[in-house]
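Worksheet for the structure shown next.
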Amino acid sequence: MLPRRERLTRSGAFRAVVARGRSFRGRLLALYFLPRSSGPTRLGVAAGKKVGGAVQRNRAKRLLREAFRGLKEKLDGAYYVVLVARPAAARAGLDAVRGELESLMRRARIVARPAGESS
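Residue 106 in numbering that gives the first Met the number 0 is what sits at position 107 of the sequence shown, and the numbering runs on without skipping anything.
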């Protein structure tokens, strides 16, 4: 589990990121983010009822959190991030979710480029 200071916990914070932030959507998830002036990146995860029952929604959220945990060190700054699971996420594996999240983060240009890589 992420430390409390790295989690978005209030519904107002979720709404602000979704309303004012930028978004990128894939087959498995939607990425919403808003730059943050200082402090750690904070993550919020959501899964609506279209994802499935409680077991499927919780599995999808666990996958999104774990995928983000492995990629958060690549971020090039501090952000408020909301990940929303789509129905296919509950049936996907961790590698597929991690790959799609990394792809969306690259499209959003919020990950630092590896040394020697050009645009």
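All residues carry an ideal CB built from backbone N, CA and C; glycine is no exception.
Computed from a predicted structure; not experimentally measured.
| query | result |
| --- | --- |
| Residue interval of the beta strand (DSSP E) (run including ARG24) | 21-24 |
| Three-state secondary structure assigned by DSSP to ALA52 | Per the sequence shown, residue 52 should be read as Gly rather than Ala. Coil at GLY52, not helix or strand. |
| The region 69-87 / the region 15-26 touching (three or more Cβ pairs under 8 Å) | yes |
| Closest by C-alpha distance to ALA107, when choosing among ARG3, LEU33, GLU5 and ARG6 | LEU33 |
| Within 7 Å, strictly: CB atoms of GLU99 and LEU30 | no |
| When GLY69, TYR79 and GLY92 are compared against ARG4, the one with the closest alpha-carbon | TYR79 |
| LYS60, buried or exposed, once every other Cβ within 10 Å from all chains shown has been counted against 16 | buried |
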